[in-house]
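First up is the structure itself, then whatever we jot down about it.
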Amino acid sequence: MDLKVKDFLETLTKERITDDSIIVFFSDHGIRYGDILLYNTGWHEERLPFIYFSFPTWFKRKYPRLLNNFKANMHRLTSPYDFYMTLQHVLLLEGKISEFKPSIACPTCKSFFDEIPHNRSCKDAGIPTHYCTCQGYLEVRLSQDVAQHAAQLLIDEVHSRIKDIPSCLRYKLLRVRRTAVSQNSLLENETYLLMSIETIPTAIFEATFIVSGDISRKDISLAENRWISRLDPTGGNDWCTKNFKIYCFCPKKH
Numbered sequence: 118m119d120l121k122v123k124d125f126l127e128t129l130t131k132e133r134i135t136d137d138s139i140i141v142f143f144s145d146h147g148i149r150y151g152d153i154l155l156y157n158t159g160w161h162e163e164r165l166p167f168i169y170f171s172f173p174t175w176f177k178r179k180y181p182r183l184l185n186n187f188k189a190n191m192h193r194l195t196s197p198y199d200f201y202m203t204l205q206h207v208l209l210l211e212g213k214i215s216e217f218k219p220s221i222a223c224p225t226c227k228s229f230f231d232e233i234p235h236n237r238s239c240k241d242a243g244i245p246t247h248y249c250t251c252q253g254y255l256e257v258r259l260s261q262d263v264a265q266h267a268a269q270l271l272i273d274e275v276h277s278r279i280k281d282i283p284s285c286l287r288y289k290l291l292r293v294r295r296t297a298v299s300q301n302s303l304l305e306n307e308t309y310l311l312m313s314i315e316t317i318p319t320a321i322f323e324a325t326f327i328v329s330g331d332i333s334r335k336d337i338s339l340a341e342n343r344w345i346s347r348l349d350p351t352g353g354n355d356w357c358t359k360n361f362k363i364y365c366f367c368p369k370k371h
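Take any residue in the sequence shown, count from 1 to its spot, add 117: that is its number in my numbering.
Below you can see the structure in the form of structure tokens.
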């Protein structure tokens, strides 16, 4: 794959496509399955895709202020919604559109060519709590009843998503693999609990909870949008569904 990418980029240069085109090379996520996801590196892999831009020389000369803003934003928190606004900005510069159309999911998101605040939060950028990397997490040990309560909330949420697929097996908790609490939330006065669990039949799920009071009193609930990650490959056990593969464990084929 590396060689294919290298050849593709070299072709763009040889055929002089880079002379009059903005090239954008990006991914939607990093490594998303495998043992690496069980570690802190894997947690970042799932949440921090790369994006690279190449600008023609004439564009840099014509729009120095925009490029300065772009460079400053390289060290600021951005999201795909900002990329959406950036694409519109290019169309606006070329006279293809007459005005910006704000992102429905993130009305306050900006083009990379506009300066983005250095103290921006994930909420400002339209990034769900489960995919926010701005707050560090500290490993903690929860009491057994609190850990099992949170784990059951996670399992119940998975079951709610496959309730209309009778062929999907139901899960039972095997063990809690990880519990960690956010160390800080930048501008947000909230505490989050990150938990990963292993189930029977075999699956490893991860979710983020918001702590709304005393965690020892089980004042927790799944964070907004109730995002859930699957950390292990389905291994072919998802054959009985198309749209819910990360949640469903199908019975063996006869």
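Where is the CB? At the ideal position from N, CA and C, for every residue including glycine.
Cβ-based neighbour list, residue i, same chain, cut-off 6 Å, excluding 5 preceding and 5 following
i	result
Phe142	Tyr169
Gly159	Ile153
Leu120	none
Gln300	Gly253, Leu255
Thr325	Thr246, His247, Tyr309, Leu311, Ala340
Leu194	Arg237, Ala242
Phe217	Gln205
Trp344	Pro245, His247
Neighbourhood of residue i by C-beta distance below 7 Å, restricted to the same chain and skipping five residues each side
i	result
Ala297	Tyr254, Leu255, Glu256, Val257, Leu311
Lys335	Val263, His266
Phe372	What is shown of the chain runs 118 to 371, which leaves residue 372 out entirely.
Ile244	Ser196
Thr250	His161, Arg164, Leu165
Ser144	Pro166, Phe167
Given residue i as reference, the closest of the options once Cα atoms are compared
i	options	result
Ile279	Asn185, Glu162, Ile317, Tyr364	Tyr364
Pro234	Asn157, Cys249, Phe187, Ala267	Phe187
Leu290	Asp273, Ile282, Ser284, Ser299	Asp273
Phe322	Lys370, Val293, Thr128, Ser338	Val293
Ile337	Glu211, Tyr180, Asp262	Asp262
Met202	Asn342, Pro219, Asp124, Ser260	Pro219
Arg182	Ser215, Asn157, Glu232, Leu204	Glu232
Ile327	Asn342, Glu315, Ile314, Ile214	Asn342
Glu307	Arg295, Gly352, Ala340	Ala340
Gly352	Tyr150, Arg133, Ser144	Tyr150
Lys362	Ile134, Lys369, Pro350	Pro350
Cys226	Glu211, Leu210, Leu209, Phe200	Phe200
Ser260	Arg295, Asp281, Ile282, Ser277	Arg295
Contact set for residue i: own chain, Cβ-Cβ below 8 Å, skip 5 residues either direction
i	result
His146	Glu162, Glu163, Arg164, Pro166
Ile139	Phe170, Ser171, Phe172, Pro173, Phe176, Val207
Leu304	A caution first: Leu304 carries a pLDDT of 45, below 50, which makes its placement in the model unreliable, though a value can still be read off. Same-chain partners within the cutoff: Asn236, Ser238.
Cys367	Ser284, Cys285, Leu286, Asn354, Asp355, Trp356, Cys357, Thr358
Pro318	Leu286, Tyr288, Asn354, Phe366
Lys115	The shown model of the chain, from 118 to 371, leaves out residue 115, and the question about it has no answer.
Lys329	Per the sequence shown, residue 329 should be read as Ser rather than Lys. Around Ser329: Asp336, Ile337, Ser338.
Residue i, buried or exposed, once every other Cβ within 10 Å from all chains shown has been counted against 16
i	result
Ile148	exposed
Gln269	exposed
Asp241	buried
Ala189	exposed
His247	buried
Val275	buried
Ala222	exposed
Ile314	buried
Ser228	buried
Ile332	buried
Thr316	buried
Terminal residues of the alpha helix (DSSP H) in which residue i lies
i	result
Phe200	197 to 210
Lys289	From DSSP, Lys289 is part of no alpha helix (DSSP H) but of the beta strand (DSSP E) over 289 to 299.
Ser346	Taken as a continuous stretch (DSSP letters only), Ser346 belongs to no alpha helix (DSSP H), being part of the beta strand (DSSP E) at 345 to 347.
Thr250	Here Thr250 belongs to no alpha helix (DSSP H), and DSSP marks it neither H nor E.
Ile279	Premise fails: Ile279 is in no alpha helix (DSSP H) and is neither H nor E.
Glu127	119 to 131
Endpoints, the beta strand (DSSP E) within which residue i is located
i	result
Ala324	320 to 328
Ile244	Taken as a continuous stretch (DSSP letters only), Ile244 belongs to no beta strand (DSSP E), as it is neither H nor E.
Ile314	308 to 317
Leu339	337 to 339
#### Entry: Those runs of the alpha helix (DSSP H) which lie wholly inside the stretch 138 to 206 and span at least 4 residues
DSSP assignment within the stretch 138 to 206 yields the following whole alpha helix (DSSP H) runs of 4 residues or more, N-terminal first: 157 to 164, 174 to 179, 181 to 190.
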